[in-house]
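In order, the protein sequence lines correspond to chains A and B.
Note that our numbering has the first sequence beginning at 525, numbered continuously upward.
Note that our numbering has the second sequence beginning at 4, numbered continuously upward.
Notes to accompany the following structure.
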Amino acid sequence: MRSPEAPSLEGLVAEAQRVLAICNACRYCEGYCAVFPALERRLSFSEGDIHYLASLCHNCGSCLYACQYAPPHEFRLDFPRVMAEVRGATYRKYTWPGAFSGLFGRNGLAVGLAIIAALVLAFAFIAAYAGPERFVSAWSDAQGSFHALLPHDVMTGIFGIVFVAAVALLGVGFARFWRDMGEKGGELAAASAAEAAHDAFTLKYLDGGGIGCTYPDARPSYARRRFHHLTFYGFLLCFAATCVATIYYYGFGWKAPYPYLSLPVILGTLGGIGLLIGPPGLLWLKARRDPELADPRQGGMDVAFLVLLFLTGVTGLGLLAWRETAAMGTLLAIHLAMVLALFATMPYGKFVHAVYRFAALARFHLERRRPLDHTAE
Amino acid sequence: MQPFDPSRTWDVLVLGGGNAALCAAITARAAGASVLLVESAPIAFRGGNSRHTRNMRTMHDAPLGPLTDAYPEEEYWQDLVKVTGGLTDERLARMAIRETERHVPWMIAHGVRFQAPLGGTLHLARTNAFFLGGGKALVNAYYAAAQALGVAVSYETEVVDIALDDGRFASATVARAGERHAIRAKAAVVAAGGFESNLAWLREAWGPPADNFIVRGTPYNMGVVLKLLLAKGARAVSDPTQGHCVAIDARSPRYDGGIVTRVDAVSLGIVVNREARRFYDEGEDFWPKRYAIWGRLVAAQPEQIGYSIIDAKSMGRFMPPVFPPVKAASIHELADALGLDAEALERTIAGFNAAVRPGTFDHTKLDDCRTEGLSPPKTHWARRIDTPPYYAYPLRPGITFTYLGVAIDERSRMLMQEGSPAANVYAAGEIMAGNILGKGYLAGIGMAIGTTFGRIAGAEAARHALA
Numbered sequence: 525m526r527s528p529e530a531p532s533l534e535g536l537v538a539e540a541q542r543v544l545a546i547c548n549a550c551r552y553c554e555g556y557c558a559v560f561p562a563l564e565r566r567l568s569f570s571e572g573d574i575h576y577l578a579s580l581c582h583n584c585g586s587c588l589y590a591c592q593y594a595p596p597h598e599f600r601l602d603f604p605r606v607m608a609e610v611r612g613a614t615y616r617k618y619t620w621p622g623a624f625s626g627l628f629g630r631n632g633l634a635v636g637l638a639i640i641a642a643l644v645l646a647f648a649f650i651a652a653y654a655g656p657e658r659f660v661s662a663w664s665d666a667q668g669s670f671h672a673l674l675p676h677d678v679m680t681g682i683f684g685i686v687f688v689a690a691v692a693l694l695g696v697g698f699a700r701f702w703r704d705m706g707e708k709g710g711e712l713a714a715a716s717a718a719e720a721a722h723d724a725f726t727l728k729y730l731d732g733g734g735i736g737c738t739y740p741d742a743r744p745s746y747a748r749r750r751f752h753h754l755t756f757y758g759f760l761l762c763f764a765a766t767c768v769a770t771i772y773y774y775g776f777g778w779k780a781p782y783p784y785l786s787l788p789v790i791l792g793t794l795g796g797i798g799l800l801i802g803p804p805g806l807l808w809l810k811a812r813r814d815p816e817l818a819d820p821r822q823g824g825m826d827v828a829f830l831v832l833l834f835l836t837g838v839t840g841l842g843l844l845a846w847r848e849t850a851a852m853g854t855l856l857a858i859h860l861a862m863v864l865a866l867f868a869t870m871p872y873g874k875f876v877h878a879v880y881r882f883a884a885l886a887r888f889h890l891e892r893r894r895p896l897d898h899t900a901e
Numbered sequence: 004m005q006p007f008d009p010s011r012t013w014d015v016l017v018l019g020g021g022n023a024a025l026c027a028a029i030t031a032r033a034a035g036a037s038v039l040l041v042e043s044a045p046i047a048f049r050g051g052n053s054r055h056t057r058n059m060r061t062m063h064d065a066p067l068g069p070l071t072d073a074y075p076e077e078e079y080w081q082d083l084v085k086v087t088g089g090l091t092d093e094r095l096a097r098m099a100i101r102e103t104e105r106h107v108p109w110m111i112a113h114g115v116r117f118q119a120p121l122g123g124t125l126h127l128a129r130t131n132a133f134f135l136g137g138g139k140a141l142v143n144a145y146y147a148a149a150q151a152l153g154v155a156v157s158y159e160t161e162v163v164d165i166a167l168d169d170g171r172f173a174s175a176t177v178a179r180a181g182e183r184h185a186i187r188a189k190a191a192v193v194a195a196g197g198f199e200s201n202l203a204w205l206r207e208a209w210g211p212p213a214d215n216f217i218v219r220g221t222p223y224n225m226g227v228v229l230k231l232l233l234a235k236g237a238r239a240v241s242d243p244t245q246g247h248c249v250a251i252d253a254r255s256p257r258y259d260g261g262i263v264t265r266v267d268a269v270s271l272g273i274v275v276n277r278e279a280r281r282f283y284d285e286g287e288d289f290w291p292k293r294y295a296i297w298g299r300l301v302a303a304q305p306e307q308i309g310y311s312i313i314d315a316k317s318m319g320r321f322m323p324p325v326f327p328p329v330k331a332a333s334i335h336e337l338a339d340a341l342g343l344d345a346e347a348l349e350r351t352i353a354g355f356n357a358a359v360r361p362g363t364f365d366h367t368k369l370d371d372c373r374t375e376g377l378s379p380p381k382t383h384w385a386r387r388i389d390t391p392p393y394y395a396y397p398l399r400p401g402i403t404f405t406y407l408g409v410a411i412d413e414r415s416r417m418l419m420q421e422g423s424p425a426a427n428v429y430a431a432g433e434i435m436a437g438n439i440l441g442k443g444y445l446a447g448i449g450m451a452i453g454t455t456f457g458r459i460a461g462a463e464a465a466r467h468a469l470a
């Protein structure tokens, strides 16, 4: 199903400017997060400011429930939704190449096609290289059984290229965004970056000012932060498992599959468990969230990314569980396809929120040290 | 729970749904009473003017939560005497003041969170405890706490009559979804606010100028309960022209504009009326200490309108208002844009500029920038208005709440005309704030009064009902 057309950037900027002027005159939400102290530094809001503030917003919802001007008040102030809509525009505007920005609007379709393409590629390659019978025949757990299906250098080559390309494309988005916020390239000072990393790794601003954020409904809760931690750290642990395995292979010549108590398997198992619980938890919360908080056009993108993360985790754990059975060949093909699809779609899906949020947090810490050029007293 | 079960007699019926009503309902329920709270507003607009508040002026002898330093009872009391000109009941006022210190832990226990003072309000860091997220967050926390305790709540429920004979409450008749219900209770807490949303009543009190007033607060305070109580023999306090009335942007919505409608530019420039004449010392004192008199000052001007005028030097030196200023390259153009007599405005500003004495401008203190030989003078922060572009904000009187109310005693019991307390009626919040606020306003004292007498009224009503 095709998502409804996104609103024009001009219209979004105008609505954000209206909303931000009300917020700047009110300021009651200042204690909830970084967005409000950041907006209070300004007397007017450029488009760059609006992209910055939107990516600083974690969509926790606390300000909406506290807002005396929230709908049905005639000011119709729905801060989290406006910021969510702007983030959608941010992703489209700063993605590179720009011709791919349409992928955000039809993200469910894009991710689905990527999964299918990756599956076809994985099965076709293994069938051609090792023979189709390998999908249904038993394999011993002897070192190197995986690579009898897929040579290690081929795997490293494909994933390496996709990974480096994804990082480069995300880096271009980051640089464009950073420049439009009005910051110079060299100003991402180490201290600000470290503070931003701290905020990102702890999800500092998913806490509603210290009581838990009002998500999915008006009752403050830490559920979203916890599920996000499971997802994020699950992903990082899986990534770490892959890195360690690569070092094992090239550094020591140890070939996968590794024993159950080896570092890559322990990291991957813990990460897989995180991805087994985190993404479904976030999807479960998302299904229950107040529709006022959401930009309905981004539902497909959010769901596609979470489903793909979940599939990556599940197929990884499945491969671990049944790697000594006849199903190993099939499971390996499916798991590698999921990982490939995940990295291939990374620059054109929900993952990009991490890039812009980090940039916004770093900018926040950079900016808050500077003296104000006006007094708001 | 069936709020309108005709066979039921509640221990405590709370009329109203703002801070004072909630404090009373929570306290009475915690004491073991069955409690029904009826709120006239729909759920989205529940909470009366508490929805628009942001802090409580709080006494403390040592740093307390977000509050710095100390704000002793005596200083608080003297601040109140200054703004009311002594039109206050010292016994009740000191009760409200003293209790605030004890409210903070009670509020936290019921879900309210505090935060450091908001940007632009550092001058209140010592005296006023700010609620995280403001008054609506506080109201949300209290409704959640009340309902968790088992308080029954009925929204969109209007009081239409009260059975009150010889100072004894028997029942209230309410209307909900077109149906009327009689609700019996052993005790009643009246916490239904003033009458500021009732334009007809404001006109009765103020005459035609009321037509130019803007109601900064809730549209739901029609004064229905207040009127019924006064008609049935309650003793009135204060008078219907008194209230918390500030000068706000003339372009604000008729109701419910709240905090963002304020214009904090006044003390930086001059204010003229329809005739382009100044009418009061704009630099008399710090704006937070003077904002509450400017509503009445503007109300006294022709057509109840004023214009705060500043030049480029002052732009960005005050909290940004929600509406953009009227901007012009010359005073003449500014007058045209405002529909004022251009020559008159030029004369006023030329006269003002000529009267400004040299001084060292400092908006953070009562500086020495003043006028000489000008009437009315500007005694601080007087700088020539000579640097284009020029800016103006139109001002109207903005009513937050009215002070006409019912008299109470120190147990929050409503007093009848002859001076004896009603047997089982307790009043809290705006509906009795006039006992303490005869005139003027002190930022954050409304929440202090509502919380103190809300808690007392709830405790007393429960004690009476359970005796």
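Beta carbons are placed, not taken as given, at the ideal position from N, Cα and C, and that holds for glycine.
- [ ] With DSSP collapsed to three states, give me the class of Tyr79 of chain B.
- [x] Your numbering for residue 79 of chain B matches position 76 in the second sequence. Tyr79 of chain B: helix per DSSP, three-state reduction.
Open item on the list: In chain order, what are the residue ranges of uninterrupted alpha helix (DSSP H) at least 4 long that sit wholly in the segment 194 to 234 of chain B?
Closed with: 202 to 209 and 227 to 234
Open item on the list: Against Ser586 of chain A, what residues of chain B qualify as contacts under a CB-to-CB distance less than 7 Å, listed in chain order?
Closed with: Taking the first sequence and counting its residues from 1, one reaches residue 586 of chain A at position 62. Within chain B, the residues near Ser586 of chain A are Gly136.
- [ ] List the residues of chain B that Pro596 of chain A touches, going by C-beta distances under 9 Å, in chain order.
- [x] Indexing the first sequence from 1 puts residue 596 of chain A at position 72. Those within 9 Å of Pro596 of chain A in chain B are Pro45, Ala47 and Phe48.
- [ ] Identify the contact partners of Cys557 of chain A in chain B, using a Cβ-Cβ distance below 7 Å as the criterion.
- [x] Here residue 557 of chain A is taken as the residue at index 33 of the first sequence, counted from 1. Chain B residues near Cys557 of chain A: none, gap ~11 Å exceeds 7 Å.
TODO: Grab the span of the beta strand (DSSP E) containing Leu343 of chain B for me, first residue to last.
DONE: Taking the first residue of the second sequence as 1, we reach residue 343 of chain B at position 340. Here Leu343 of chain B belongs to no beta strand (DSSP E), and DSSP marks it neither H nor E.
Task: Cutoff 6 Å; reference Val269 of chain B; Cβ partners in own chain excluding five residues on either side - done: To locate residue 269 of chain B, count along the second sequence from 1; it is residue 266. Taken in chain order, the residues that qualify are Glu285 and Ser311.
Open item on the list: Spatial neighbours of Pro803 of chain A within its chain, please: C-beta separation below 6 Å, excluding the five flanking residues on both sides.
Closed with: By 1-based counting over the first sequence, the position of residue 803 of chain A is 279. Closer than 6 Å at the Cβ level, and outside the excluded window around Pro803 of chain A, lie Thr755, Leu830, Leu833 and Phe834.
TODO: Using the Cα positions of Gly96 of chain B and Leu300 of chain B, report the straight-line distance between them to the nearest angstrom.
DONE: Within the second sequence, the letter at position 93 stands for residue 96 of chain B. Within the second sequence, the letter at position 297 stands for residue 300 of chain B. Per the sequence presented here, residue 96 of chain B reads as Ala, with Gly not at that position. So the two alpha carbons sit approximately 26 Å from each other.
Open item on the list: Run through chain A and tell me which residues come within less than 9 Å of Asp412 of chain B, C-beta to C-beta.
Closed with: On the second sequence, position 409 is the one that residue 412 of chain B refers to. Going along chain A, no residue has its Cβ under 9 Å from Asp412 of chain B, so there is no contact; the nearest lies around 34 Å.
Open item on the list: With DSSP as the reference, identify every bridge partner of Ala239 of chain B, one or two as the case may be.
Closed with: Residue 239 of chain B sits at position 236 when you count from the first residue of the second sequence. Answer by DSSP bridge pairing, in chain order: B:Val409.
Open item on the list: Counting only Cβ pairs nearer than 7 Å, list the residues of chain B close to Gly734 of chain A.
Closed with: By 1-based counting over the first sequence, the position of residue 734 of chain A is 210. Within 7 Å Cβ-Cβ: Arg116.
Open item on the list: Does Lys368 of chain B pass the burial test, meaning 16 or more other C-beta atoms within 10 Å, or should it be called exposed?
Closed with: Here residue 368 of chain B refers to the residue found at position 365 of the second sequence. Lys368 of chain B is exposed by the Cβ-count criterion.
Open item on the list: When you compare the CB of Gly123 of chain B with every CB in chain A, is at least one pair closer than 8 Å?
Closed with: By one-based count along the second sequence, residue 123 of chain B stands at place 120. Yes, Gly123 of chain B counts as interfacial toward chain A.
- [ ] Just the chain B side, please: which residues come within less than 7 Å of Asn548 of chain A by C-beta, in chain order?
- [x] As a working mapping, residue 548 of chain A is identified with position 24 in the first sequence. The answer, in chain order, is Pro323.
- [ ] Within the same chain, show all residues whose beta-carbon is closer than 6 Å to that of Pro120 of chain B, passing over the 5 residues directly before and after it, in chain order.
- [x] Indexing the second sequence from 1 puts residue 120 of chain B at position 117. Answer for Pro120 of chain B: Leu127, Ala128 and Phe133, listed in chain order.
TODO: Mind checking the segment 243 to 263 of chain B against chain A and listing, in chain order, the residues whose C-beta falls within less than 7 Å of any C-beta there?
DONE: Pro256, Asp259, Gly261, Ile262 and Val263
Open item on the list: Relative to the C-alpha of Arg466 of chain B, which candidate in B:Gly272, B:Ala28, B:Asn22 and B:Phe7 has its C-alpha closest?
Closed with: Counted from its first residue, the second sequence places residue 466 of chain B at position 463. The shortest Cα separation from Arg466 of chain B among B:Gly272, B:Ala28, B:Asn22 and B:Phe7 belongs to B:Ala28.
- [ ] Just tell me which of A:Pro895, A:Val879 and A:Arg600 has its CA closest to the CA of Leu580 of chain A.
- [x] One-based indexing of the first sequence puts residue 580 of chain A at position 56. Nearest C-alpha to Leu580 of chain A: A:Val879.
Task: CB contact below 8 Å: Lys139 of chain B versus chain A - done: Here residue 139 of chain B refers to the residue found at position 136 when the second sequence is read from its first residue. Closer than 8 Å: yes.
TODO: With a floor of 3 residues, list each beta strand (DSSP E) that falls wholly inside the segment 55 to 108 of chain B, ordered by position along the chain.
DONE: 58 to 60
- [ ] Using 10 angstroms around the beta-carbon of Gly461 of chain B, count the other beta-carbons present and answer buried if the total reaches 16, otherwise exposed.
- [x] As a first step, residue 461 of chain B must be located in the second sequence, where it is residue number 458. Counting Cβ neighbours within 10 Å, Gly461 of chain B comes out buried, since at least 16 surround it.
TODO: Please go through the same chain and pick out, in chain order, the residues whose beta-carbon is closer than 6 Å to the beta-carbon of Thr405 of chain B, but skip the five residues on each side of it.
DONE: For the purposes of this step, residue 405 of chain B is taken as residue 402 along the second sequence, with counting starting at 1. Excluding residues within five positions, the ones whose Cβ falls inside 6 Å are Gly197, Phe198, Glu199 and Gly246.
Task: Buried or exposed (CB count within 10 angstroms, at least 16 for buried), Glu433 of chain B - done: Here residue 433 of chain B is taken as the residue at index 430 of the second sequence, counted from 1. The residue in question, Glu433 of chain B, is buried, as its Cβ has 16 or more Cβ neighbours within 10 Å.
Task: Beta-ladder partner(s) of Thr374 of chain B, from DSSP - done: As a working mapping, residue 374 of chain B is identified with position 371 in the second sequence. DSSP, once it has assigned bridges, lists B:Val359 as partnering Thr374 of chain B.
Task: chain B contact for Pro604 of chain A (CB, 8 Å cutoff) - done: Residue 604 of chain A sits at position 80 when you count from the first residue of the first sequence. Not one chain B Cβ lies under 8 Å of Pro604 of chain A.
TODO: Quick one: grab the DSSP three-state call for His597 of chain A.
DONE: The sequence position of residue 597 of chain A within the first sequence is 73, counting from 1. Here His597 of chain A sits in coil by DSSP.
Task: Cutoff 8 Å: Ala883 of chain A Cβ touching any chain B Cβ - done: Position 359 of the first sequence, counting from 1, holds the residue named residue 883 of chain A. No - not a single Cβ of chain B is within 8 Å of the one on Ala883 of chain A.
- [ ] Indicate whether Gly476 of chain A and Leu817 of chain A have their beta-carbon atoms separated by less than 8 Å.
- [x] Residue 476 of chain A lies beyond the range of chain A shown here (525 to 901); nothing can be said about it.
Task: Reduced DSSP secondary structure (H/G/I, E/B, other) of Phe776 of chain A - done: Residue mapping note: residue 776 of chain A aligns to position 252 of the first sequence, counting from 1. Helix, per DSSP.
- [ ] May I ask you to report which of helix, strand or coil DSSP gives Gln307 of chain B?
- [x] The residue labelled residue 307 of chain B in the question sits at position 304 within the second sequence. Gln307 of chain B falls in the helix class under three-state DSSP.
Open item on the list: Quick check: the Cα distance between Ala303 of chain B and Phe560 of chain A, rounded to an integer number of angstroms?
Closed with: Numbered from 1 along the second sequence, position 300 holds the residue referred to as residue 303 of chain B. Numbered from 1 along the first sequence, position 36 holds the residue referred to as residue 560 of chain A. Answer to the nearest angstrom: the Cα atoms are 38 Å apart.
- [ ] Can you give me the Cβ contacts of His383 of chain B inside the same chain, cut-off strictly under 7 Å, excluding the 5 residues immediately before and after it?
- [x] In the second sequence, counting from the first residue as 1, residue 383 of chain B sits at position 380. Closer than 7 Å at the Cβ level, and outside the excluded window around His383 of chain B, lie Gly286, Leu369, Asp370, Cys372 and Arg373.
TODO: Ignoring anything shorter than 4 residues or poking outside the segment 755 to 843 of chain A, list the alpha helix (DSSP H) runs there in chain order.
DONE: 787 to 812
Task: For Phe659 of chain A, the first and last residue of its enclosing beta strand (DSSP E) - done: Counted from its first residue, the first sequence places residue 659 of chain A at position 135. No beta strand (DSSP E) contains Phe659 of chain A, which DSSP labels as neither H nor E.
TODO: Following the continuous alpha helix (DSSP H) through Ala332 of chain B, name the residue where it begins and the one where it ends.
DONE: Position 329 of the second sequence holds residue 332 of chain B. Ala332 of chain B -> no alpha helix (DSSP H), and no H or E assigned at all.
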